[in-house]
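Below is one structure, written out as structure tokens; the observations come after it.
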Amino acid sequence: MLGQERCGASGSYLSLNDGTDTYEAANQAQAAYNDSGAIPYILRPVEQLAGFFDGLELVEPGLVPCPRWRPETEPSGNPAEEVNYGAVGRKP
1 MLGQERCGAS GSYLSLNDGT DTYEAANQAQ AAYNDSGAIP YILRPVEQLA
51 GFFDGLELVE PGLVPCPRWR PETEPSGNPA EEVNYGAVGR KP
């Protein structure tokens, strides 16, 4: 979707992080927020986020929960930390 066509010149990078639908408590909280009359936000499947990087070379560690991107401490094991995923991709 964003990948090759919109990332710019060869050697350009795309950085993205977004909320995912991987944690049921977050899904329920998001549904309540959306029902409140606020501007709705849709949590995405991880596979949809991966599609943004089609045609790009993912920088290690790839598309992972944000706390796992260059972690300075061990993950706490709290499932809420697994909701936001992020990645950096480079256009070849």
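Numbering (full-length UniProt numbering), first residue to last: 1 to 92. Even glycine gets a Cβ: it sits at the ideal position worked out from N, Cα and C. From a predicted model like this one, the values you see are computed outputs, not experimental measurements.
Which residues mark the beginning and the end of the alpha helix (DSSP H) in which residue i is found?
{"i": "L16", "result": "Premise fails: L16 lies in the beta strand (DSSP E), Y13 to G19, not in any alpha helix (DSSP H)."}
{"i": "L49", "result": "V46 to G51"}
What do you get for residue i, buried or exposed, if any count of 16 or more other CB atoms within 10 angstroms of its CB means buried?
{"i": "E74", "result": "exposed"}
{"i": "P79", "result": "exposed"}
{"i": "P45", "result": "exposed"}
{"i": "Y85", "result": "buried"}
{"i": "A32", "result": "exposed"}
{"i": "A9", "result": "exposed"}
{"i": "A87", "result": "buried"}
Could you have a look at residue i and say whether DSSP puts it in helix, strand or coil?
{"i": "N34", "result": "helix"}
{"i": "P61", "result": "coil"}
{"i": "A29", "result": "helix"}
{"i": "E72", "result": "coil"}
{"i": "A80", "result": "helix"}
{"i": "P67", "result": "helix"}
Considering residue i, what are the terminal residues of the beta strand (DSSP E) in which it resides?
{"i": "G86", "result": "N84 to R90"}
Taking the alpha-carbon of residue i as reference, which of the options has the nearest alpha-carbon?
{"i": "G51", "options": "P67, G8, A9 and L14", "result": "L14"}
{"i": "V64", "options": "E81, E72, Y41 and Q28", "result": "E81"}
{"i": "D18", "options": "L43, E57, R90 and V88", "result": "L43"}
{"i": "R90", "options": "E60, E72, P67 and C66", "result": "E60"}
{"i": "W69", "options": "L16, D21, P40 and S36", "result": "L16"}
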